[in-house]
Ligand code: SF4
Ligand code: SF4
């Protein structure tokens, strides 16, 4: 059976209804009202954009989703989890500040914002990975798992490690706590950049496992004791701690896909993906290069894998925009994301999803006005 993916473009009529109305119409057509929201908490998972990035989704889209949930009797909230890397979203306070300065507040978004893994990214729950090959357990932000319904609202774009930043990435990487992100990005243990460490000892106080030891004025990690929680990374004032032994694009993509499967397994869910401001890289960057594709449209449905597959097909059927760094001087193949990031392969996520019986990449595109 094919998964249905509903699509509408971004075209509007002069003096007609706007894009936000089109999003609501799309959601309705895709069956949003079949979900039971009565007195349920509904997590709307999205990305608030790193400071300096201007490609992230505007809060008006989130408000359209939140308002619709409320009309159906539910209690919506926007959520994302803290980042692993040093940036403007590495703890809940900075994360909320960044969301606010990027325009997200109760009025603009129509609901409250909760950082899914708490103040320091340590408030998570272990979630079994169904049919997991790379991970048995995923560490997911508690608020994400406490929600009764999960809705992903994804800004679809390129990604420097996974090829695409789509629905699977939004859910898998985005719902991972700090420890979860450590797990996906690396073998789960941090390392110390000795050129940055000043031996202040702040990380030592944070570590509940006595895994950090000062040696000649510089911190070292006792790998036998380290539990891979990632807490030390968030508190280092010099950004001297980082995840060691990177997973590499393929392993990272497979782990992220398994995390998405863990988050969604057996839960009421709905997925929305907006193909606009298609930057070559993730919204985690404090900059966004010129778009590599024109605005294409919006997708909605119940199958996250089908949505990513449909989004990639639509992108590869659309003429590219030249004049951005990532497609300049690159050989032009028949896949825009593989051309932008030749050392990645977005298809890995789809293939791995099939392997672990998560979602269905075989889809039927249903176009509505
Ligand atoms: S908090 Fe950072 S700078 Fe301070 S000792 Fe730990 S690693 Fe070094
Ligand atoms: S990752 Fe967690 S357990 Fe490991 S050294 Fe850092 S704080 Fe300690």
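Numbering (the working numbering), first residue to last: 48 to 416.
Every residue gets a Cβ at the ideal spot worked out from N, C-alpha and C, and that includes glycine.
**Message:** For residue 369, which residues in the same chain have their Cβ closer than 8 Å to its Cβ, ignoring the five residues on either side in sequence?
**Reply:** Counted from its first residue, the chain shown places residue 369 at position 322. 375, listed in sequence order.
**Cβ neighbour criterion (16 or more within 10 Å) applied to residue 431** = Outside the displayed span of the chain (48 to 416) sits residue 431, for which this structure offers no information.
**Request:** May I have a chain-ordered list of the beta strand (DSSP E) segments no shorter than 3 residues that lie completely inside the segment 287-370?
**Result:** 288-290, 316-322, 344-348
**Item:** DSSP three-state assignment for residue 415, whether helix, strand or coil
**Value:** Taking the chain shown and counting its residues from 1, the one referred to as residue 415 is at position 368. Looking at residue 415 - three-state DSSP - the assignment turns out to be coil, as it is neither helix nor strand.
**Request:** Could you tell me whether any non-hydrogen atom of ligand 2 is closer than 7 Å to the CB of residue 256?
**Result:** Translated into positions along the chain shown, residue 256 becomes position 209. Within the cutoff, so yes.
**Asked** Whole beta strand (DSSP E) runs in the segment 152-203 with 3 or more residues, listed along the chain?
**Response** 159-162, 171-175, 184-188, 196-202
**Message:** Taking 7 Å as the cut-off, is the C-beta of residue 291 nearer than that to any heavy atom in ligand 3?
**Reply:** Because ligand 3 does not appear in the structure shown, any question about it cannot be addressed here, the ligands present being ligand 1 and ligand 2.
**Request:** Classify residue 431 as buried or exposed, calling it buried when 16 or more other Cβ atoms lie within 10 Å of its own Cβ.
**Result:** Outside the shown range of the chain, which is 48 to 416, sits residue 431, and nothing can be said about it.
**Prompt:** What is the chain-ordered set of residues for which the beta carbon lies under 6 Å from any non-hydrogen atom of ligand 1?
**Reply:** 239, 244, 245, 246, 247, 248, 249, 250, 266, 283, 285, 287, 288
**Request:** Given a cut-off of 8 Å, decide if residue 240 and residue 271 are closer than it, judged by their beta-carbon atoms.
**Result:** Against the chain shown, residue 271 aligns to sequence position 224. Against the chain shown, residue 240 aligns to sequence position 193. No; because the gap between Cβ atoms is not below 8 Å, this pair is not in contact.
**Prompt:** If you compare alpha carbons, which of 140, 92, 176, 131 is closest to residue 400?
**Reply:** Taking the first residue of the chain shown as position 1, residue 400 is located at position 353. Cα-wise, what sits closest to residue 400 is 176.
**Closest Cα partner of residue 215 within the set 203, 48, 207, 224** = The residue labelled residue 215 in the question sits at position 168 within the chain shown. Nearest option by C-alpha distance: 203.
**Asked** Thinking C-beta only, is residue 71 closer than 8 Å to residue 115?
**Response** The count along the chain shown starts at 1 and reaches residue 115 at position 68. The count along the chain shown starts at 1 and reaches residue 71 at position 24. Closer than 8 Å, so yes.
**Item:** Euclidean distance between Cα positions of residue 80 and residue 265
**Value:** Within the chain shown, residue 80 is the residue found at index 33, counting from 1. Within the chain shown, residue 265 is the residue found at index 218, counting from 1. Approximately 57 Å, taken between the alpha carbons.
**Item:** Contact check, residue 357 vs residue 410, beta carbons under 8 Å
**Value:** Translated into positions along the chain shown, residue 357 becomes position 310. Translated into positions along the chain shown, residue 410 becomes position 363. Against a cut-off of 8 Å, the Cβ pair of residue 410 and residue 357 comes out as a contact.
**Asked** Taking the alpha-carbon positions, what's the residue 397 to residue 247 distance?
**Response** Here the question's residue 397 lines up with position 350 in the chain shown. Here the question's residue 247 lines up with position 200 in the chain shown. Distance between the alpha carbons of residue 397 and residue 247: 44 Å.
**Asked** DSSP state of residue 51, grouped into three classes?
**Response** Counting from one through the chain shown, the residue named residue 51 turns up at place 4. Of the three classes helix, strand and coil, the one that applies to residue 51 here is strand, per DSSP.
**Request:** Evaluate the contact criterion for the segment 167-185 versus the segment 97-104: three or more CB pairs, one atom per stretch, below 8 Å.
**Result:** no
**Prompt:** Any idea which residues DSSP pairs residue 127 with across the strands?
**Reply:** In the chain shown, residue 127 corresponds to position 80, counting from 1. Note: residue 127 sits in a beta bridge opposite 162.
**Limits of the unbroken alpha helix (DSSP H) element including residue 77** = If you number the chain shown from 1, residue 77 lands on position 30. Residues 66-77.
**Asked** Among residues of its own chain, excluding the 5 on either side of residue 297, which ones have a beta-carbon nearer than 8 Å to its beta-carbon?
**Response** For the purposes of this step, residue 297 is taken as residue 250 along the chain shown, with counting starting at 1. Answer for residue 297: 392, 395, listed in chain order.
**Request:** Could you tell me whether the segment 154-167 touches the segment 107-125, where touching means 3 or more Cβ pairs closer than 8 Å?
**Result:** yes
**Request:** Go to residue 239, then tell me how far its beta strand (DSSP E) extends in each direction, as first and last residue.
**Result:** Here the question's residue 239 lines up with position 192 in the chain shown. Start and end: 237-239.
**Request:** Verify the contact flag: residue 262, CB atom, against every heavy atom of ligand 2, threshold strictly below 7 Å.
**Result:** To locate residue 262, count along the chain shown from 1; it is residue 215. Not under cutoff, so the answer is no.
**Request:** List in chain order: all unbroken beta strand (DSSP E) runs of 3+ residues lying wholly within the segment 230-272.
**Result:** 237-239, 259-262, 265-268
**Message:** Any heavy atom of ligand 2 inside 7 Å of the beta-carbon of residue 259?
**Reply:** Within the chain shown, numbered from 1, the residue matching residue 259 stands at position 212. Result yes, Cβ under 7 Å from ligand 2.
**Request:** Consult DSSP for residue 227 and reduce its assignment to one of helix, strand or coil.
**Result:** If you number the chain shown from 1, residue 227 lands on position 180. Helix.
**Prompt:** Terminal residues of the continuous beta strand (DSSP E) containing residue 210?
**Reply:** In the chain shown, residue 210 corresponds to position 163, counting from 1. Residues 210-212.
**Message:** What does the alpha-carbon distance come out to for the pair residue 354 and residue 277?
**Reply:** On the chain shown, residue 354 is found 307 positions in, with the first residue counted as 1. On the chain shown, residue 277 is found 230 positions in, with the first residue counted as 1. Going by the C-alpha atoms only, they are around 32 Å apart.
**Message:** Are the CB atoms of residue 351 and residue 218 within a distance shorter than 8 Å?
**Reply:** Position 171 of the chain shown, counted from the first residue, corresponds to residue 218. Position 304 of the chain shown, counted from the first residue, corresponds to residue 351. Closer than 8 Å, so yes.
**Request:** Would you tell me roughly how many angstroms separate the C-alpha atoms of residue 379 and residue 130, rounded to the nearest one?
**Result:** Taking the chain shown and counting its residues from 1, the one referred to as residue 379 is at position 332. Taking the chain shown and counting its residues from 1, the one referred to as residue 130 is at position 83. The straight-line gap from Cα to Cα measures roughly 33 Å.
**Prompt:** How many Å lie between residue 132 and residue 185 at the Cα?
**Reply:** By 1-based counting over the chain shown, the position of residue 132 is 85. By 1-based counting over the chain shown, the position of residue 185 is 138. Their backbone Cα atoms lie some 19 Å apart in a straight line.
**Prompt:** Under 8 Å, do residue 74 and residue 125 count as touching if we go by C-beta distance?
**Reply:** Translated into positions along the chain shown, residue 74 becomes position 27. Translated into positions along the chain shown, residue 125 becomes position 78. No. Outside cutoff.
**Message:** Counting C-beta neighbours from all protein chains within 10 Å, is the total for residue 64 16 or more, i.e. buried, or is it exposed?
**Reply:** Counted from its first residue, the chain shown places residue 64 at position 17. The residue in question, residue 64, is exposed, as its Cβ has fewer than 16 Cβ neighbours within 10 Å.
**Asked** With burial defined as no fewer than 16 other Cβ atoms inside 10 Å of the residue's Cβ, what is the status of residue 349: buried or exposed?
**Response** Walking along the chain shown from the start, residue 349 turns up at place 302. Residue 349 is buried by the Cβ-count criterion.
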